[in-house]
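In order, the protein sequences belong to chains A and B.
Count along the first sequence from 1, add 286, and you get the number used in the working numbering.
Count along the second sequence from 1, add 286, and you get the number used in the working numbering.
Note that the Cβ used here is the ideal one computed from N, Cα and C, for glycine as well.
No experiment lies behind these values; they were computed from the predicted model shown.
Number of protein chains: 2
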Amino acid sequence: MTDATAPAPTRNDERFAVYADLLLRVGINLQAGQGLMVRAQTEAAPLVRCVAEAAYRGGARFVEVLWNDAGVTRARFRHAPQDSFETVPQWRADGMRQMGEQGYAVLSLVGDDPDLLEGTDPERWSRYAKAWQRANRDHQRLVMSDGVPWCVAAYPGLAWARKAFRGLEPDDAVARLWAAIRTAVRLDRPDPVGAWRSHVEALHRRRGILDAHAFAALHFTGPGTDLRVGLADGHRWEGGSATAPSGAPFVPNMPTEEVFTAPHRARVDGVVRASRPLINGGTVIDDFELRFEAGAVVKARAGRGEAALRRILDTDEGASRLGEVALVPDSSPIGRAGVLFWETLFDENAASHIALGKAYPVSVRGGAELGEEDARAAGLNDSLTHVDFMIGSRETDVDGVAADGARTPLMRDGEWVD
Amino acid sequence: MTDATAPAPTRNDERFAVYADLLLRVGINLQAGQGLMVRAQTEAAPLVRCVAEAAYRGGARFVEVLWNDAGVTRARFRHAPQDSFETVPQWRADGMRQMGEQGYAVLSLVGDDPDLLEGTDPERWSRYAKAWQRANRDHQRLVMSDGVPWCVAAYPGLAWARKAFRGLEPDDAVARLWAAIRTAVRLDRPDPVGAWRSHVEALHRRRGILDAHAFAALHFTGPGTDLRVGLADGHRWEGGSATAPSGAPFVPNMPTEEVFTAPHRARVDGVVRASRPLINGGTVIDDFELRFEAGAVVKARAGRGEAALRRILDTDEGASRLGEVALVPDSSPIGRAGVLFWETLFDENAASHIALGKAYPVSVRGGAELGEEDARAAGLNDSLTHVDFMIGSRETDVDGVAADGARTPLMRDGEWVD
């Protein structure tokens, strides 16, 4: 059975029930009476059903599923009129805003076909993404400021599985991917919730150490990379769990292996070479290199997908500056899997990475309350977009650089020094 | 494979492409530049993809799919808080309204699990249905007045197939149901579009004959039935195709075998016995009987689902009066199949039927332009609900009754007399 609607995991409903429970308890930490927005592909229906069941049993007031369908999306990007990509229905944007105002938690299930839009005009994706981000700017801000609990997690979709595990039979590829997801989110541990508690504590310790240093910059070196990333004034390190306005902790990414903070938008210099491909809007960008001066990309080159890369950079002024820098050891459980997942949620947790575009306001102290002017003054970048890409490998060294120029080795050959 | 997400027809994509094409050409008659709203279960994704592809290729500007998922719905009706069923999200209602204003055609794909909500508190469905109908009243009016082209058609869902063809293996049941759908929508003819043209012409001829009679009432007799249905003043017979504001004909139901018009809300008297079960909100109502006086139900009894029946009648004042009377010969292709489909779209085209609740404004001359007062004066019933149920069988006789009391035999033993 090679049909996109019938992946093997549909038989794993029992395991999905345990997974759904973990996503709600640890990822979202859903509170009784709260609403839950789920963003998912129709292919993920077996998992979404378990999520809905667990959410309602846990006292959710309403579970609103915003479905997408890969085939419908592909038909649109292939055949719809070009100018129809410039607007988003008003009621869709209103819906995001209203759910945000009502404190709906957001669970995004990723696992789309990495090649979904292959062969379509990238201008269409660019217009669509801009229109969508513009229409949903308020909700994006709310989420990126942890104004509601949110979690991005994965569903073992068939097309994704076949991309990540080429050469395997479809059912085997899905089984392998599902096993990889289970390992990455610690579902294979005897006590997954306890394992997450320990893991989050370890990431919080790492944040504490980095915060204590209060570095002025990080310096990345490796094959093709010599990049100095100045950090935002008053930056703080994030990672593991975040805190909702209610005070309840939640885990924004499952899996997550990173600690991250905000670069200073005007203090990034040097050259960086991506260590893994980047999937953006169903197009693969690979073998690429960016040169920065005073924070901005001044030169970009890609062996594959250069047009798509340029479209990202051209989104707006902030799209060619950095909004995130994240450290992940090469030996992270996901890195150890030795698999290129072709999905940012996984690949970014296998390697240190940086992101073009909008910074998380929580990456500076008091950031969620900062106005636009003050956020910019602190060096926080703003943009409609936020695109992570991997720069770390087992050949990457990272130093922390203090304000006085003193250097502290943080990572050597892709691993933490301490 | 017995999984609800993997019915056999997912393998029939090629046939779905032909079916999708027929639904758009004959059912909706989609015009270039128009928007299309599709209402469907996630299970119907393989057909919805073909519809989207065909619509975009045909020049659709945007295809908005409003997905539902049976499992998510069931989880909600089982476990959500009771008072959460009384409201519909504002943005959802706004969406229906906005799409209506923009002239979006509406394709509804039915084929849900007839027992979807079995075992849940029927009060929940009743609250939900009322809230939904109240929130979407404007859009419902637009559709029922043919203000936009619309079509209700079927998808061969697994749970539905297993209900209609009990005892068969799941794959076989789906294959049988899909074959029945193909026959019913004339997809098995060499020229389905041409076959629909002839069929619609035959129904229009029948309408013409009935309109010429201008009966004051119809009189149904059969086992347990002796019902006089007065017709609305200035009523006209509908059936086959309708006409959109653009002048383009469309077919609101595929399949369709009925001619129908509006009863007078205050002129229905006698007793009627349902000839087939009624599925409403995932609950089965069977073996039931209604007694009417001066248009209103004064006594209701059901062997099964009586509580659900009473809830329909209690929706509002108009829910216990009639909004439609339809004539279908027992020998219709769907009646001939000899199958109880447990789905109104099919079963109502196997037998003459009546509907509790709102009348179609187009059932009286100039009805789409009538104000509420004038519509009521003509005898058109109004309600939040519209629920069809079957009263015809091979033992049913129908007479037309003129204003002076003269009777014209219309049907004998379930068949047209002429």
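Check: With 8 Å set as the bound, which would you pick, yes or no: does the beta-carbon of B/P456 sit closer than that to a beta-carbon of chain A?; Outcome: no
Check: Near A/E372, what residues of its chain come up, given a Cβ to Cβ distance below 7 Å and the 5 sequence neighbours on each side ignored?; Outcome: R413, A417
Check: In angstroms with no decimal places, state the Cα-to-Cα distance between B/A582 and A/W353.; Outcome: 42 Å
Check: Output needed for A/P738: all residues of its chain with C-beta closer than 8 Å, excluding positions within five of it in sequence on either side, in chain order.; Outcome: Chain A is shown only over 287 to 704; residue 738 of chain A falls outside these bounds and no answer can be derived.
Check: Would you identify the three-state DSSP class for A/W464, choosing helix, strand or coil?; Outcome: helix
Check: Should B/E659 go down as buried or exposed, given a rule of 16 or more other Cβ atoms within 10 Å for buried?; Outcome: exposed
Check: Closest to A/W436 by C-alpha separation, out of A/R311, A/S370, A/A664, would be which residue?; Outcome: A/R311
Check: Tell me the DSSP secondary structure of B/E487 in three-state form.; Outcome: helix
Check: With C-beta atoms as the reference, is B/V227 less than 8 Å away from B/V486?; Outcome: There is no way to answer for residue 227 of chain B, as the model of chain B reaches only from 287 to 704.
Check: Flag B/M385 as yes when its Cβ comes closer than 7 Å to any non-hydrogen atom of the ligand COA, and as no otherwise.; Outcome: Of ligands this structure carries none, so the ligand COA is not represented either.
Check: At a Cβ cut of 7 Å, what residues of the stretch 318-347 of chain A count as close to chain B, listed as they run along the chain?; Outcome: T328, A331, P332, V334, R335, A338, E339, Y342, R343, R347
Check: Pick out whichever of B/E610, B/V392, B/D497 has its Cα sitting closest to the Cα of B/I716.; Outcome: Given a span of 287 to 704 for chain B in the structure shown, any question on residue 716 of chain B remains unanswerable.
Check: Is it buried or exposed for A/G321, if we count other Cβ within 10 angstroms and need 16 for buried?; Outcome: buried
Check: Could you tell me whether the stretch 367-382 of chain B touches the stretch 337-345 of chain B, using the rule of 3 or more Cβ pairs below 8 Å?; Outcome: no
Check: I want to see whether chain A comes within less than 8 Å of B/Q368, judged by CB atoms only; does it?; Outcome: no
Check: Around the C-beta of B/T359, are 16 or more other C-beta atoms found within 10 angstroms, so that it is buried, or is it exposed?; Outcome: buried
Check: By the DSSP assignment, the alpha helix (DSSP H) with B/K416 in it spans what residues?; Outcome: 408-421
Check: Would the stretch 689-701 of chain A count as touching the stretch 604-618 of chain A if we require 3 or more Cβ pairs under 8 Å?; Outcome: yes
Check: Can you find a C-beta in chain B that's less than 8 Å from the C-beta of A/T291?; Outcome: Caution applies to A/T291, whose pLDDT of 33 falls short of 50 and renders its modelled position unreliable; the model cannot decide the point.
Check: Using a Cβ cut-off of 8 Å (strictly closer), state whether B/D380 contacts chain A.; Outcome: yes
Check: Taking Cβ positions only, does A/P375 come closer than 8 Å to chain E?; Outcome: Annotation note: the requested chain E is absent from the structure, which comprises protein chains A and B.
Check: Given 8 Å as the limit, is there contact between the stretch 513-522 of chain A and the stretch 589-607 of chain A, that is, 3 or more CB pairs closer than that?; Outcome: no
Check: Please report whether the beta-carbon of B/W418 lies at a distance below 8 Å from any beta-carbon of chain A.; Outcome: no
Check: Taking Cβ to Cβ, would you say B/D355 is nearer than 8 Å to B/Q327?; Outcome: yes
Check: Mapping the DSSP letters down to three states, classify A/D458 as helix, strand or coil.; Outcome: helix
Check: Is A/R301 close to chain B, meaning its C-beta is less than 8 Å from at least one C-beta of that chain?; Outcome: no
Check: For A/I571, list the residues DSSP reports as bridge partners.; Outcome: A/L564
Check: Measuring only between beta-carbons, confirm whether B/E350 sits less than 8 Å from chain A.; Outcome: yes
Check: Any contact between the stretch 641-653 of chain A and the stretch 455-465 of chain A? By contact I mean 3 or more CB pairs, one from each, below 8 Å.; Outcome: no
Check: Which residue from A/T682, A/D685, A/L613, A/A593 puts its Cα closest to that of A/R410?; Outcome: A/A593
Check: Skipping 5 residues on each side, what residues in its chain have a beta carbon closer than 6 Å to that of A/D432?; Outcome: A528, V648
Check: Using beta carbons (cut-off 8 Å, strictly below), is A/A361 in contact with chain B?; Outcome: yes
Check: Keeping to the same chain, check which residues put their C-beta closer than 8 Å to that of B/H499; ignore five residues upstream and five downstream.; Outcome: G686, A688, T694
Check: Report the three-state DSSP secondary structure of B/D699 (helix, strand or coil).; Outcome: coil
Check: Can you pull the chain A residues whose beta carbon is under 7 Å from the beta carbon of B/W353, in chain order?; Outcome: T328, W353
Check: To the nearest angstrom, how far is it from the Cα of B/A641 to the Cα of B/G691?; Outcome: 25 Å
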